[in-house]
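Trainee:
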Amino acid sequence: MEEIQTITPEELQKKLESGEKLELVDVREDHEVVFGMIPGAKHIRMGDIPDKLDYFDKDKEYIFICRSSARSGNVCHYLQDQGYKVRNMVGGMLSWTGETEYTE
């Protein structure tokens, strides 16, 4: 199994601050994202990923986020095995100190 590429919360924050266009996907559950998501992230619950494959483009790289990086790591393995370019944010939202936005 090919190793999953990672990005630290600090690296991600620097990229966002520099205005880099990133594809962020938060795979946490609904009751978790109400406490805040990284601005610009798309919310797709981990269990919904198999039904949402048409959202993903194999020419783009996606950064996956969850609470601690375990679920997002599983999603990364699943999608990478199907030919998608993925990165896992290590430490998840527990390690994120940057800005968050709240959803309804």
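Be aware that the sequence shown starts at -16, since it is given in our numbering, and climbs by one per residue.
Every residue, glycine too, gets a C-beta built ideally from N, C-alpha and C.
1. Taking only the alpha-carbon atoms, compute the straight-line gap between E84 and K41 and give it to the nearest angstrom.
2. DSSP puts Q(-12) in a beta bridge; with which residues?
3. In angstroms with no decimal places, state the Cα-to-Cα distance between L(-1) and L5.
4. Can you tell me the Cβ-Cβ gap for I46 and I(-10), rounded? I've got them flagged as a contact below 8 Å.
5. According to DSSP, what are the bridge partners of M20?
Mentor: With the structure as the only source:
1. 27 Å
2. R70
3. 8 Å
4. 6 Å
5. E84
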